[in-house]
Amino acid sequence: MLNSDQKDIFREIGNIGAGHAATALSTLLGKPIEIEVPSAELESFTTIIDRVGGAEAYTAGALLRFSGDIRATLLFLMPLHDAEKLIGQLMKSEFQFFSDSHEMGVSAWEEIGNILIGAYARSISDWLDLSLQVSVPASAFDMVGALLEVALLESSTPGNMALYIDTHLSSAGNELTGHLLLLPEANAFQTVFQRLGVDIDG
1 MLNSDQKDIF
11 REIGNIGAGH
21 AATALSTLLG
31 KPIEIEVPSA
41 ELESFTTIID
51 RVGGAEAYTA
61 GALLRFSGDI
71 RATLLFLMPL
81 HDAEKLIGQL
91 MKSEFQFFSD
101 SHEMGVSAWE
111 EIGNILIGAY
121 ARSISDWLDL
131 SLQVSVPASA
141 FDMVGALLEV
151 ALLESSTPGN
161 MALYIDTHLS
171 SAGNELTGHL
181 LLLPEANAFQ
191 TVFQRLGVDI
201 DG
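Residue numbers (the UniProt record's numbering): 1 to 202.
Written as structure tokens, this is what we have:
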């Protein structure tokens, strides 16, 4: 579990990434968007699956890998109905997945997902002064359990634990929910805390 100092660090990283993402999304959508990060926790995969709606809940996802000073996988998940609202704002029309406009919606989500996941990756790199090589983001639409399984295969995360950053988005009267997961490979968290001078045994 994270202590209060460690939670504050990751929540601040989340807030910085949210600020970058909100600015870029506001420009893309042509209207204001606010993103808040109420909490950051180190959670088991079982708990994370429950928090994002269950293993069989359909979700829109964006994933990237980074290497360098640390190796980890970053995964952003949004419930399908919330992603539809956000995509609808970009397309300026009501949107539903698996409809006639599905392919256009997928393309729109790829753009939105790239902005969101890229902003958080930059905040981790900049705020922690880490040298990171970031992969091209990938987008997917599937059940939560399936997307987490893919992320786990990508990351080789030890201990079945991940950093969970709760994310709330507000735009055009819509309140949307996002879930950011950082799945570290061995020693990634230790490297981060040592860089910040935080006692990892505290």
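Idealized CB from N, CA, C, for every residue including glycine.
As the structure is a computational prediction, the values presented were derived from the model and not from experiment.
Are the CB atoms of residue i and residue j nearer to each other than 8 Å?
i	j	result
Ala-40	Tyr-120	no
Met-143	Ser-44	no
Glu-56	Gly-145	yes
Leu-176	Asp-100	no
Phe-76	Ile-117	yes
Leu-148	Thr-167	no
Phe-66	Ser-4	no
Met-78	Gly-178	yes
Ala-24	Gln-89	no
For residue i, which option in the options has the closest C-alpha, if you only look at C-alpha atoms?
i	options	result
Gly-17	Ile-115, Leu-90, Lys-7	Ile-115
Arg-195	Leu-147, Gly-53, Ser-131	Ser-131
Ser-170	Phe-189, Leu-181, Gly-30, Glu-34	Glu-34
Glu-84	Asp-100, Ala-60, Leu-25, Phe-66	Ala-60
Glu-185	Ser-139, Leu-152, Phe-98	Leu-152
Leu-182	Arg-51, Leu-64, Ser-4, Ser-26	Leu-64
Pro-32	Asn-174, Tyr-58, Ala-188	Asn-174
Would you report the Cα separation of residue i and residue j, rounded to the nearest angstrom?
i	j	result
Thr-191	Ile-70	7 Å
Tyr-164	Gly-68	22 Å
Asp-129	Ala-108	31 Å
Val-37	Ile-49	19 Å
Phe-95	Phe-141	15 Å
Leu-42	Leu-28	32 Å
Glu-103	Ser-26	23 Å
For the beta strand (DSSP E) that residue i lies in, which residues bound it at each end?
i	result
Phe-141	138-143
Arg-65	58-68
Gly-53	Unbroken run through Gly-53: none, as it is neither H nor E.
Could you tell me the boundaries of the alpha helix (DSSP H) in which residue i lies?
i	result
Asn-15	4-29
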